[in-house]
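Numbered according to this note's numbering, the sequence shown spans residues 18 to 372.
I have placed the structure first, in the form of structure tokens, so that the comments after it can refer back to it.
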Amino acid sequence: MKIVFFGTPSFAVPTLEKLLNHPEFDVLAVVTQPDKRRGRGNQLIPSPVKAVATSANVPVWQPPRVKKDIETLTKLKNSDADVFVVVAYGQILSQEILDMPKLGCVNVHGSILPKYRGAAPIQWCLYNGETQTGITTMLMDAGMDTGAMLLKATTPIELLNNAHDLAEKLAVMGADLLVETLCKLELQEIQPIAQDNSQATYAPLIKKEDYQLDWSKSAIQLHNQTRGFYPDCTTIFRNQPLKITATAPLDDADGYELPAELQDLNHQLPNLSTASGSPGEVVSIIKGMGAIVQTGEGLLLLREIQSAGKRPQSGWDFVNGSRLAVTEVFGNAESRVMSDCFSTSFTLLSTYALS
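The structure is reproduced here in structure tokens:
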């Protein structure tokens, strides 16, 4: 089967590698986003997909706007591909492109469609506290993830999974499901199923304000926000921006099974549930683990924290390094005026692209 592969971030790499190493598939070319300038040296950095394609000596096409690029459109038409495979490419394909391959354009999407159509399905499913997610392969149409579904695979979500963890898991699942999909599609063993639009939900691009933590929310809501939008959720501490990169709710897992270490913590501290303070206030410090913060409802353990200009550190290391004390407050009203400095203070620190 002759394939042109469209993809950009790390999420797409396992699928491309699977296709390159499979004897039944011939990857004719890879279409990916143009190189971007990153890092302190402002150097042009290729996408993860381009790096893999280049090492495999596969032609790489990088049009700024694929549906407007005459040269790339001509190459796609002349490729005589059986199928275009699309995994987190990052551009919308025109109907002209969708109509080119014999078997159509097959997309690997990181959710159980029709739930979480859009650019950030992994992040928003975590934010909303889903306990299960998965991969859907579909035949693309002109809509946003509205095409007929081909195959699905599901996986449970654990309480401490973050967007990076889940993306890595789903990327591998997606690669396996894509291979199965292409084989069955060629043999006409799949009957595409139209999506029920009445059941659709959406996963839009994440905005700057989505990263800001509001300590009046419940512990489980803050936990889901932190892991869903990992590693970029931010608060204020001692008048400085601070990233909270890993947390754990202590008294309401909202349907999740508590990991053993959190169960032990609850057993060791029977009086912890009676601790109280204002939202954002440190009500306890657990040796070897970190600070416990009062939220609008429930208590939240801060497992990992990143100060501006520094690398992430464990909650316990942050306690020791900052000499954190009980009754100190995260996101206190006096310092919230600094919220506009969030993005600039953390520029180029631990960013990554997901779909």
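Just so you know, even glycine gets a beta-carbon here, dropped at the ideal spot from N, CA and C.
Who does residue i pair with in a DSSP beta bridge?
i: Phe23; result: Val48, Val103
i: Ile87; result: None; Ile87 has no bridge partner.
i: His126; result: Thr153
i: Pro266; result: Leu317
i: Ala308; result: Ile302
i: Tyr219; result: Arg134
i: Gln60; result: Arg55
i: Thr252; result: Leu259
i: Ile210; result: Met166
Within 10 angstroms of its Cβ, does residue i collect 16 or more other Cβ (buried), or is it exposed?
i: Leu239; result: buried
i: Asn179; result: buried
i: Glu351; result: Low per-residue confidence applies at Glu351: pLDDT is 44, beneath 50, and the placement is therefore not dependable, though the value from the model is reported in the following sentence. Flag for Glu351 reads exposed.
i: Gln149; result: exposed
i: Lys67; result: buried
i: Glu321; result: buried
i: Arg134; result: buried
i: Val21; result: buried
i: Ala46; result: buried
i: Asp116; result: exposed
i: Leu199; result: buried
i: Lys94; result: exposed
i: Asn59; result: exposed
i: Ile210; result: exposed
i: Gln242; result: buried
Identify whether residue i lies in helix, strand or coil by the three-state DSSP scheme.
i: Ser301; result: strand
i: Ser331; result: strand
i: Asn38; result: coil
i: Tyr133; result: coil
i: Tyr247; result: coil
i: Leu16; result: No answer is possible for residue 16: it lies beyond the span of the chain, which begins at 18 and ends at 372.
i: Tyr144; result: helix
i: Ala170; result: strand
i: Pro374; result: Only positions 18 to 372 of the chain appear in this structure, which leaves residue 374 out of reach.
i: Ile237; result: helix
i: Gln323; result: strand
i: Ile114; result: helix
i: Val77; result: strand
i: Asp193; result: helix
i: Asp43; result: strand
i: Val343; result: coil
i: Ser295; result: coil
i: Ala159; result: coil
i: Ser96; result: coil
i: Gly338; result: helix
i: Lys186; result: helix
i: Ile109; result: coil
i: Gln205; result: coil
i: Leu176; result: coil
i: Lys67; result: helix
i: Pro31; result: helix
i: Lys225; result: helix
Have a look at the options and flag the residue whose alpha-carbon is nearest the alpha-carbon of residue i.
i: Lys201; options: Ile223, Leu120, Val299; result: Leu120
i: Thr218; options: Gln79, Leu318, Ala136; result: Ala136
i: Thr89; options: Val48, Ala263, Lys304; result: Val48
i: Glu298; options: Thr264, Thr312, Lys304; result: Thr312
i: Ile253; options: Ala277, Ala236, Tyr228, Ser293; result: Tyr228
i: Glu185; options: Ser27, Arg55, Ala277, Tyr273; result: Ser27
i: Pro329; options: Arg340, Pro248, Pro258; result: Pro248
i: Arg244; options: Leu130, Thr262, Leu275; result: Thr262
i: Ser96; options: Leu168, Gly107, Pro296, Ile114; result: Ile114
i: Thr264; options: Asn256, Leu317, Glu278, Ser233; result: Leu317
i: Val300; options: Val346, Ile210, Glu321, Cys142; result: Val346
i: Ala208; options: Asn59, Ala165, Arg55, Ala105; result: Correcting the residue type first, residue 208 is Gln in the shown sequence and not Ala. Ranking the options by Cα distance to Gln208, first place goes to Ala165.
i: Gly294; options: Met306, Glu314, Val104; result: Glu314
i: Val102; options: Glu278, Lys85, Lys224, Asp43; result: Asp43
i: Leu222; options: Trp141, Pro80, Val83; result: Trp141
i: Ser373; options: Lys260, Val343, Asp162; result: No information on residue 373 is available, as it lies outside the stretch 18 to 372 that the chain covers here.
i: Lys85; options: Ile109, Val77, Ala105; result: Ile109
i: Pro118; options: Val104, Asp99, Asp231; result: Asp99
i: Ile302; options: Lys92, Phe335, Gly191; result: Phe335
i: Leu130; options: Pro258, Glu41, Gln216, Thr251; result: Gln216
i: Lys132; options: Ser111, Thr163, Glu226, Ala105; result: Thr163
* Asked: Would the segment 143 to 160 and the segment 108 to 128 be scored as touching if the rule is three or more Cβ pairs under 8 Å?
  -> yes
The segment 70 to 88 / the segment 170 to 179 touching (three or more Cβ pairs under 8 Å): no
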